[in-house]
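The sequence shown begins at 1 in our numbering and counts up by one. Quick reminder that beta carbons are idealized off the backbone N, C-alpha and C, glycines included. For reference, the structure is listed below as structure tokens.
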Amino acid sequence: METEHKVYFKNSYNMSEIASNSIDLMITSPPYPMIEMWDQLFSSLNEEIKHSLEVEDSKKAFGLMHQELDKVWKEVARVLKLGGIACINIGDATRKIGKNFQLFPNHVQITNFFHNNDFIELPCILWRKPTNSPNKFLGSGMLPPHAYVTLEHEYILIFRKGSIKRKLPPKSENRYNSAFFWEERNKWFSDIWGDVRGTSQNLNKIHPKYRNLRERSAAFPLEIPFRLINMFSLYEDKILDPFWGMGTTSLASMISARNSIGYEINPNFMELFKKNMEKLRNLNNEININRLLQHIEFIKKYREKVKDIKYNSVHYKFPVITRQETDILLYIIKNYSEDKNKFNLSHQKFIFEL
Ligand SMILES: C[S@@+](CC[C@H](N)C(=O)[O-])C[C@H]1O[C@@H](n2cnc3c(N)ncnc32)[C@H](O)[C@@H]1O
1 METEHKVYFK NSYNMSEIAS NSIDLMITSP PYPMIEMWDQ LFSSLNEEIK HSLEVEDSKK
61 AFGLMHQELD KVWKEVARVL KLGGIACINI GDATRKIGKN FQLFPNHVQI TNFFHNNDFI
121 ELPCILWRKP TNSPNKFLGS GMLPPHAYVT LEHEYILIFR KGSIKRKLPP KSENRYNSAF
181 FWEERNKWFS DIWGDVRGTS QNLNKIHPKY RNLRERSAAF PLEIPFRLIN MFSLYEDKIL
241 DPFWGMGTTS LASMISARNS IGYEINPNFM ELFKKNMEKL RNLNNEININ RLLQHIEFIK
301 KYREKVKDIK YNSVHYKFPV ITRQETDILL YIIKNYSEDK NKFNLSHQKF IFEL
């Protein structure tokens with residue numbers, strides 16, 4: 001199986017390189033409005049945002065920042081196939097502007113856009129982002145009533161373009177091979193993910209030479225796009241990330257044998273992406289082995305309760321709970337070549353024997 005991964009270092013307001021109705025799944029995490037690390041970026045996109053922040057008109061700044069994101073969502077709406085899914089990782093912001101500490105509910109603004117633009121809202125996921133800082137509690141300390149709740153979660157908003165589900169060819173081999181295990185479904189399709197570990201945000205720690213890229217990487221953990229890709233797409237599908245950052249969505253697409261396209265305004269992240277790519281085959285191997293070993297472990301426990309398991313995996317021989325899991329087939333990256341921000345990968349079937 002062959003896949004292709006392209007990155008365009010330009011603003012995703014205009015994704016003219018992508019044909020309308022051609023993307024199967026969009027996974028992204030935009031810059032978060034009203035989180036200070038993104039003030040400069042939003043101000044560079046619109047002078048009025050800079051001015052609103054200077055005069056502490058926070059509501060106006062918040063609205064204008066979302067207007068900038070909406071330009072990208074509009075393009076996403078154009079390029080997604082009917083029935084295609086959009087997954088957006090976003091956190092709300094809290095901030096003190098002038099004398100007022102307040103919440104800026106980014107997830108509401110984004111949901112409104114998709115609600116008003118012919119998307120169907122699907123149940124979302126909350127994932128917990130632990131904050132260990134001893135100073136995390138804000139407000140009046142132990143004294144009521146002016147203490148504030150700490151935000152330690154982010155949202156993965158999920159929308160489908162149009163009201164009709166994506167049509168798939170009957171008996172599509174890719175669909176059955178892309179199935180997930182029963183116990184993965186139970187974990188991945190629950191609305192709260194408490195087991196996703198954060199990713200290193202300190203670029204200086206990754207390597208001192210990257211510290212000037214920006215203060216924090218703002219990358220999401222690979223586990224997030226990896227799960228979403230497996231939940232909402234098939235092998236060889238096309239995945240888009242219009243806010244590519246360090247390219248985590250592309251890395252997850254490569255590991256999952258999907259094609260990917262990314263847009264990023266800051267070209268300096270390519271070097272870091274290539275560095276991560278060097279480790280990709282090992283990571284792919286590790287992830288596949290873990291998935292299969294965890295399944296075997298799960299089956300062992302399940303057998304203590306249910307002796308008779310009816311189905312067996314065609315490719316891996318171990319038992320599976322449902323008929324839908326029998327054709328699960330994992331792939332591993334065989335090799336890759338690179339040509340000007342474009343990567344071509346070949347994948348081969350993942351062989352696993354105990
Ligand atoms: C939150 S980060 C994405 C992090 C990414 N998910 C990762 O794992 O590395 C948002 C990224 O979007 C980029 N960006 C912001 N506005 C953009 C735009 N209009 N077009 C393209 N890229 C943009 C920023 O430079 C930043 O790298």
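Mind checking whether the beta-carbon of residue i lies closer than 7 Å to any heavy atom of ligand 1?
i      : result
Asn14  : no
Tyr263 : yes
Pro33  : no
Pro242 : yes
Leu41  : yes
Ala218 : yes
Gln26  : A small correction: the amino acid at residue 26 is Met; Gln does not occupy that position in the sequence shown. Every heavy atom of ligand 1 is 7 Å or more from the Cβ of Met26, so no.
Asn285 : no
Gly245 : yes
Pro267 : no
Ser256 : no
Ser253 : no
Val72  : yes
Asn11  : yes
Ser29  : yes
Thr150 : no
Thr3   : no
Thr94  : no
Thr248 : yes
Among the candidates the options, whose CA atom is the shortest distance from the CA of residue i?
i      : options                           : result
Thr28  : Phe343, Ile229, Phe298 and Leu354 : Ile229
Leu355 : Ala252, Glu47, Leu234 and Lys74   : Residue 355 is absent from the structure shown; the chain starts at 1 and stops at 354.
Lys81  : Glu286, Glu264, Lys238 and Ser256 : Lys238
Asn266 : Ser20, Ser44 and Ile18            : Ser44
Phe273 : Lys342, Tyr235 and Ile299         : Lys342
Ser47  : Met34, Leu64 and Glu36            : For the record, residue 47 in the displayed sequence is Glu; it is not Ser. Looking at the Cα atoms, Leu64 is the closest of the given residues.
Glu17  : Ser172, Arg78, Asp39 and His347   : Arg78
Phe181 : Leu240, Asn312, Leu168 and Met142 : Asn312
Ile120 : Glu325, Gln109, Ile261 and Ile164 : Ile164
Phe104 : Lys71, Phe226 and His66           : His66
Arg227 : Ala179, Glu325 and Glu264         : Ala179
Gly91  : Leu25, Ser172, Glu278 and Ile156  : Ile156
Leu151 : Ile158, Lys129 and Pro169         : Lys129
Pro225 : Leu292, Ile85, Glu54 and Ser20    : Ile85
Asn117 : Glu236, Phe159 and Gln102         : Phe159
Ser172 : Tyr148, Ser337 and Glu236         : Glu236
Which of the three DSSP states is assigned to residue i in this structure?
i      : result
Leu157 : strand
Thr248 : helix
Ala93  : strand
Pro123 : strand
Asp59  : Looking at the sequence provided, one finds Lys at residue 59 rather than Asp. Here Lys59 sits in helix by DSSP.
Met277 : helix
Asp241 : strand
Lys331 : With the sequence shown as reference, residue 331 is identified as Tyr, and Lys is not the correct amino acid for it. Residue state, collapsed to three classes: strand.
Leu272 : helix
Phe343 : strand
Tyr311 : strand
Phe104 : strand
Ser217 : coil
Val320 : strand
Arg166 : coil
Tyr235 : coil
Arg291 : helix
Ala179 : coil
Ile192 : strand
Val129 : Looking at the sequence shown, residue 129 is not Val but Lys. Correct three-state label for Lys129: coil.
Lys99  : coil
Ser253 : helix
Under the rule that 16 or more other beta-carbon atoms within 10 Å means buried, what is residue i, buried or exposed?
i      : result
Pro145 : exposed
Pro31  : buried
Gly139 : exposed
Phe363 : Because the chain is modelled from 1 through 354, residue 363 falls outside the range shown and cannot be assessed.
Val76  : buried
Val306 : exposed
His295 : buried
Gln348 : exposed
Asn21  : exposed
Gly262 : buried
Worksheet item: What are the uninterrupted segments assigned as beta strand (DSSP E) that are 3 or more residues long and contained completely in the stretch 1-35, given in chain order?
Response: 2-8 and 23-28
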